Structure formats: structure tokens, C-alpha cells
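First up is the structure itself, then whatever we jot down about it.
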Amino acid sequence: MRRFLAFLAALIPLAFAAMPKSADWRSASREPVGLAPSADTVREAIVQVYAARTFGWRGRFAVHSWIAVKPAGGQWRVYEVIGWRKYRGLPPLVVHARAPDARWFGAVPDVLAERRGDEASEMITRIDAAASDYPYADSYVMWPGPNSNSFVAHVLRAVPDLDCDLPPTAIGKDFLTHCLVGRAPSGTGFQVSLWGVLGLLVGAREGIELNILGLVFGIDPGDGVIKLPLLGRIRLTEA
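In this text, residue positions in the sequence shown follow my numbering: the first is 2, and each later residue adds one.
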């Protein structure tokens, strides 16, 4: 245990050094960054999964994730869980029209998965159904979940052909809904999780992940990547 705590202590200054200082949330940018095509110029259906560092001190440890969909010939809509809505008496789970690739209060998002065309059209139906079936639509707990990453992981388990590997910094992704054993979010393996606090995941897409107090340590031999809390995915070999 002492070695584990010492290792975590060594990671903290590295994570803080790598992260930019946060601006005031009221002035933090929410502008799109050009990762999503305009619905006015692209007619085909699109599904994208995003993640960006959360705002403030929490961004040193975790990301916020969301799912964006654009039906064929339609406009973008975003599915996400937003914690502050709970504190204002609103449902944390929201489906709304916003720029899918907007900065998350200053943080530039990454696209974790994308599908287009007929495949995406079929997925949108299942994504909508999974969001409607999410059992924690009115709940939000920053740690260990259910939170925004718990919701996205729930949807990914229902749509495994998205083949999305949520980053180790997606704290809450291992919070399973009403069970201790479930499918990995990518659909390529399985996981055991004690309410998101302690667990093990083995999957062809994710590799092997150990969850301790919501912090993920892992290795993905297929991609030559190790996974560490705070720092996320670290590639050991050239892509």
C-alpha cells in the first residue's frame, strides 16, 4: 500500500505540469474546434464519441465524455450527463442541440470513435434507446459514479459496434448499472466492478485494466499503450 500511495504521489506533479491553468468558467471557451462536419454541408448520418478534460482542479484527474449524433439530413444533437444540472434541480441527463465538438470550458475534446452512413443511422436508434433506458438519468455522483462517463459507458455497452475505448481518465466508466459483472464498454470483453470502486476489465479493445478507488491502471498490448491515472494513455511504441 505504501508503494501504491508513493506512486500516486509521484504522478500528481506530472499531471499538474501537463495541464494548462483553468480560466474562470464564465469566460472559458465553448467554441467548436473543427472536429465535426457541418450538418448544413454533410447529409450522411454521423455518430461521434468525445472526451475532454473537466473544468478546474478535477481536470487534473478526469475527463468528461459525451456522444454526438447527426441523423441523415438532420442536425447535430448531443447526449451527456452534466453534474451542475443536478444541483440546480434539473435532470443531469440531457439531450440537446449544441456544437458536438465544442471545447469543454476551455479544454479541447478528442474524438474517441466515429461512424458514418447507414451504419451510423442504425446506431442512432440504439443510442437513443439506451439513453432512454439509463437508470440514473436523475442521479449524479462525481465519484465513483454514476456520472457523465458512467452514462457514456452504459450507451457504449448497448452499442458495442462503436468499438470505443474510453480513456483511463474517464472516472466513473466502470460504474455498472445494477450489477457486478458486465460487458466492457467496447463490447470486446467483460469486467467485474464493485460499484466503480474496485474492479478488473479484460477486453480485446481495452486490454487489461485494474480499477482501484476509481483510478485505472492498465496495459493495451495491441496498441503498445500503458494506462495510468491522471496521465491517461501513454504510448510505448510508434503508431
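Note that the Cβ used here is the ideal one computed from N, Cα and C, for glycine as well. Computed from a predicted model, the values in this text were never measured in an experiment.
A distance below 7 Å between beta-carbons, with the five flanking residues on each side excluded, links Arg44 to the following residues of its chain, in chain order: Ala73, Gly74.
When secondary structure is reduced to three states using DSSP, Arg236 falls in the strand class.
As far as DSSP is concerned, His179 takes part in no beta bridge.
As computed with DSSP, Tyr80 is found in a beta bridge with Ile68, Val96. In the DSSP assignment, Lys228 forms a beta bridge with Gly219, Arg234.
Excluding residues up to 5 positions away in sequence, Glu81, Ile83, Arg86 lie with their Cβ nearer than 7 Å to the Cβ of Val95 in the same chain.
Beyond the five residues adjoining it in sequence on each side, Val226 comes within less than 8 Å, by CB distance, of Gly208, Ile220, Arg234, Ile235, Arg236, Leu237 in the same chain, given in chain order. Residue state for Tyr88 is assigned as helix, using DSSP reduced to three classes. In the three-state reduction of the DSSP assignment, Ile125 falls in the helix class. In this structure, Gly190 lies away from Asp162, with their beta-carbon atoms at least 9 Å apart. Counted as a single uninterrupted DSSP element, the beta strand (DSSP E) harbouring Arg117 occupies residues 111 to 117. Within its own chain, the residues whose Cβ lies closer than 7 Å to the Cβ of Gly200, once the five positions on either side in sequence are excluded, are Asp175, Gln192, Val193, Ser194, Asn212, listed in chain order.
Contact between Val64 and Pro168 holds: CB atoms are separated by about 6 Å, below the 8 Å threshold. For Asn212, there is no enclosing alpha helix (DSSP H); the residue is found in the beta strand (DSSP E) stretching over 208 to 213. Just so you know, the alpha carbons of Phe106 and Tyr88 end up roughly 18 Å apart. Judged by DSSP secondary structure, Arg54 falls within the beta strand (DSSP E) whose first and last residues are 47 to 54.
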